[in-house]
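Here's the structure, in structure tokens; my notes come after.
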Amino acid sequence: MAAAPKSANRLAVPAPEKVDIQGASDRAEMMVGRVCSRGRYHRFEERKLEQDYEVDKNHVLGSGANGQVWLVRSRHCHKKRAFAAKTYRLSGISELKCKEIETEVEILLTVDHPNLARMVDAYETKASLTLVMELLEGGELFDRILAAGHFTERDAAEAIWQMLLAIRFLAGLGIVHRDLKLENWLYEKKGGQDLKLIDFGLSKFWRPDKSMEMRVGTLDYMAPEVLHRNYTSKCDLWSMGVIAYTLLVGSFPFSGRDGDTAMLQRIATGRFATERDAWRDASASAKDFVRKLLTVEAASRPDADQALEHPWIAKRESVARSYVSKDIVDALCSFSEASAFRRACLLVMAISLSNEERAEVHKAFLEIDKDHSGTITLSELRSVLEEKFHIEDAAVARTFQSLQSPLSRDEVINYSDFLAAMMSQRISIHDDLLHAAFARFDTDNSGYITLPKLKMLLGDSLSEAELKQVMLEADKDKDGYISMNEFVQYLQCRRSSERHLEAATCAIDRELRRPSQKMSVRERRRSSVIVKKNSAKEEISCGAALTKLAELCKPICCFGSCGVMWSQLMESLK
Ligand SMILES: Nc1ncnc2c1ncn2[C@@H]1O[C@H](COP(=O)(O)OP(=O)(O)OP(=O)(O)O)[C@@H](O)[C@H]1O
């Protein structure tokens, strides 16, 4: 690839505005709920970075205009899982810089998509703000293209598809990135293909009725209308055109040896280099895609939806297999049977999932999300569960309802909610996840969860009475505090009780179904109330099923949560 100076020509936001990081996290909370917002945002030294992470100052992952990005290791994981941390100095900086940071925090707290880097924690002190991000170990797209020369069309289309999914999701939230470039797309794993977008420092919440004027971004990727200071979110699609060209050809479309002024003129008129061999060799469909994105007239340029529908992307060669398997569907359905507290805990745990754990299921999420909005609607869920797995509409609706975030403004399932559901069955809950979840509830790091702490995180999803009930059940020694052990026990017991309950339901279903093939409806009805056993054939009747149920229910009853259910069941069977 013809080398272009990395991050050269980057312009910063110029105008000062009032700063309010607290406001940013409050606004994010309105979008994603308390669990996902307060569970990650720690203010004013109540909780310090050093309490949760070991900072490895010898391990610099990269650097940018804001300084270096370090490797840090979680103190809550046995394996000391690694993350990336970037620190902003807050004291003595301009209001303008603060505004940039504030927007970045708000966006990072709000976004939730497989192709966007995830913020795991943020620590605000009077002097600094540190963002802890998932570690993306595969390096920059920039370095990969530099090493490869250029990509095959298939690889380029696959990479562009992932990027467009992220941009489509951002556009749905009214976010324009304004600095899409090869250096801001990182691979999750070395040698892997999954890409994520980082660095929202120049991003903005944008209203379609108000065009933007600040000339920001990086020159090689900058749309003509940005140069003219009158632009919309379509500027991101121009940058995607530059990226697509660069992946296919191995050099930038507008750069040359004749300097920036000549390059700016070429950008303004949309004259990109077409004499390079790799461009000549590209397919007609790939060229059409790039040309459409590099349309000077922004109104005629496709948006992210339209770009995703372009045949070069929509019909790209990809392995035609379905990722939505029976166990994914089972996990989704059983999530609705878990208690509200358990669901909230799973959501908190979802924040700490590793990339490998997410990778298990993220393709299934993207597959259900047919319109590529980055969220799942009821009709999308219905079309998979009803059509492919013949699950009743009422069960689909119940599942959908249980998956929706309590404060979600739109009737959709977010990526984290989906991940939380996967943890009920598909992703195993290990000690590290339990420890990380406990640490998020234990906001002041005292080693205990109290009612006010529960309220702070769950106050919008559980009532006061429900929270008190959680305390009552989890706080075994009744000292008013839930210790780490009690928390783990409570969740593990719940887990096993739910499993037993499910197994019990299945057993009784099975047994009740068996005689139904031979008996009349009347007899069948009777069989459900008369306990009998055909010893000769060892055929288990409903009575045996009840005995089995009693066995299976034993572990539940010992937590006291099943007493009513069991006695009600016995009563109804008398
Ligand atoms: N999550 C991450 N995992 C691994 N490396 C990362 C991560 N985030 C950032 N980096 C590395 O650190 C570099 C700088 O990060 P980033 O772009 O976020 O910082 P910045 O100071 O805001 O940069 P810029 O100059 O683009 O504004 C990246 O180019 C990348 O190499």
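First residue of the sequence shown? That's 1 in the UniProt record's numbering, and the numbers climb one at a time after it. Glycine is no exception: its CB is placed at the ideal position from the N, C-alpha and C atoms. From a predicted model like this one, the values you see are computed outputs, not experimental measurements.
Expressed to the nearest angstrom, what Euclidean distance is found between the alpha-carbon atoms of F254 and S336? Each residue's alpha carbon lies about 53 Å from the other.
Checking the sheet assignment: what are the DSSP bridge partners for M119? Assignment of beta-bridge partners to M119 by DSSP yields M133.
Can you give me the C-alpha to C-alpha distance between K57 and R154, rounded to a whole angstrom? Whole-angstrom Cα-Cα distance: 39 Å.
Where are the alpha helix (DSSP H) runs, 4 residues long or more, that stay fully inside the segment 375-426, in chain order? Scanning the segment 375-426 for uninterrupted alpha helix (DSSP H) segments of 4 residues or longer gives 378-385, 393-403 and 415-422, listed from N- to C-terminal end.
Apart from the five residues on each side of it in sequence, which residues of its chain come closer than 6 Å, Cβ to Cβ, to R494? In this predicted model, R494 has a pLDDT of only 49, less than 50, meaning its place in the structure is not dependable; the value taken from the coordinates is given anyway. Cβ neighbours of R494 beyond the five flanking positions: R342.
Nearest to N184 by alpha carbon, out of L197, K190 and H177? In terms of CA proximity to N184, L197 leads the group L197, K190 and H177.
Between W279 and the rest of its own chain, which residues show a CB-CB distance below 8 Å, the 5 nearest in sequence each way excluded? For W279, where only same-chain residues beyond five positions count, the Cβ hits under 8 Å are Y245, L248, V249, A273 and K287.
Proximity winner among H113, E102, D52 and A350, relative to Q22 (alpha-carbon distances): For Q22, the nearest C-alpha among the options comes from E102.
Nearest residue (CA-CA) to I368, options R382, E357 and K468: Nearest of R382, E357 and K468 to I368, Cα basis: R382.
Mind the definition here: the segment 442-453 touches the segment 472-490 only if three or more C-beta pairs lie below 8 Å; say whether that holds. Three or more Cβ pairs closer than 8 Å define a contact, and the segment 442-453 meets that threshold against the segment 472-490.
In whole angstroms, what is the alpha-carbon distance linking D236 and L61? A straight-line Cα-Cα distance of about 26 Å links D236 and L61.
Assuming the contact rule is C-beta atoms closer than 8 Å, S352 and A436 should be a hit. Round their C-beta distance to whole Å, please. About 4 Å separates the two Cβ atoms, so the contact holds.
Can we count M214 as close to ligand 1, meaning its CB is less than 8 Å from some heavy atom? No - ligand 1 has no heavy atom lying nearer than 8 Å to the Cβ of M214.
I'd like the list of long-range same chain contacts for R525, defined as Cβ closer than 8 Å, with 5 residues on each side in sequence excluded. Note that R525 scores 29 on pLDDT, short of 50, meaning its location in the model is unreliable and no value can be drawn from it.
State whether the segment 184-195 contacts the segment 127-143, with contact taken as three or more CB pairs (one from each stretch) at a distance under 8 Å. In this structure the segment 184-195 touches the segment 127-143; the number of beta carbon pairs closer than 8 Å is three or more.
Beta-carbon proximity list for R43, same chain, < 6 Å, skipping 5 on both sides: The residues are E124.
Can you find a heavy atom of ligand 1 that lies under 8 Å from the Cβ of L136? Yes - ligand 1 has a heavy atom lying nearer than 8 Å to the Cβ of L136.
Evaluate the contact criterion for the segment 197-209 versus the segment 173-182: three or more CB pairs, one atom per stretch, below 8 Å. Result yes; three or more Cβ-Cβ pairs closer than 8 Å.
Among the candidates S91, R168 and Y53, whose CA atom is the shortest distance from the CA of N115? Shortest Cα-Cα distance from N115 to any of S91, R168 and Y53 involves R168.
What residues in its chain sit with their C-beta under 7 Å from that of A395, if we drop five residues either side in the sequence? The answer, listed in chain order, is C333.
Under 8 Å from any heavy atom of ligand 1, does the C-beta of E183 make it? Checking every heavy atom of ligand 1 against the Cβ of E183, one is found closer than 8 Å.
Confirm the yes/no value for this check: CB of I243, any heavy atom of ligand 1, distance under 8 Å. For ligand 1, not one heavy atom lies less than 8 Å from the Cβ of I243.
Scan the segment 458-482 and note each continuous alpha helix (DSSP H) run of 4 residues or more that stays entirely inside, going in chain order. Entirely contained in the segment 458-482, the alpha helix (DSSP H) runs reaching 4 residues are, in chain order, 464-474.
When DSSP labels each residue in this structure, what does H362 get in the three-state scheme? Three-state result, H362: helix.
Using a Cβ-Cβ cut-off of 8 Å (strictly less than) and excluding sequence neighbours within five positions of L129, which residues of its own chain qualify? Taking C-beta separations shorter than 8 Å and ignoring five residues to either side along the sequence, the partners of L129 in its chain run I21, T87, Y88, L90, I101, V105, A122 and Y123, following chain order.
Would DSSP call M212 helix, strand or coil? Shown here, M212 sits in a strand according to DSSP, grouped into three states.
What residues in its chain sit with their C-beta under 6 Å from that of Q82, if we drop five residues either side in the sequence? It should be pointed out that residue 82 corresponds to Ala in this sequence rather than to Gln. Only residues of its own chain outside the window of five on either side were considered, and among them L71, R73 and L135 have a CB closer than 6 Å to the CB of A82, listed in chain order.
Is the beta carbon of D56 within less than 8 Å of some heavy atom of ligand 1? Result no, Cβ not under 8 Å from ligand 1.
When burial is assigned at 16 or more other CB atoms within 10 Å of the CB, is I93 buried or exposed? Exposed, by the Cβ-count rule.
Rounded to whole angstroms, what's the CA-CA distance from C345 to D477? Just pull it up for me. One C-alpha to the other measures close to 21 Å.
E213 versus I160: straight-line alpha-carbon distance, rounded: Pairing E213 with I160, the inter-Cα distance amounts to about 27 Å.
Determine the contact status of V324 and V35, defining contact as a CB-CB distance below 9 Å. Not a contact, by the Cβ cut-off of 9 Å.
I449 bridges to which residues according to DSSP? Per DSSP, the beta-bridge partners of I449 are I482.
Whose CA, out of L108, D303 and Y231, lies closest to the CA of G241? Comparing Cα positions, the closest option is D303.
If S233 and A171 are in contact, beta carbons under 8 Å, what's the gap, nearest whole angstrom? The C-beta separation of S233 from A171 comes to about 6 Å, placing the pair in contact by the 8 Å criterion.
Go ahead and pull the three-state DSSP assignment for K80. Three-state result, K80: coil.
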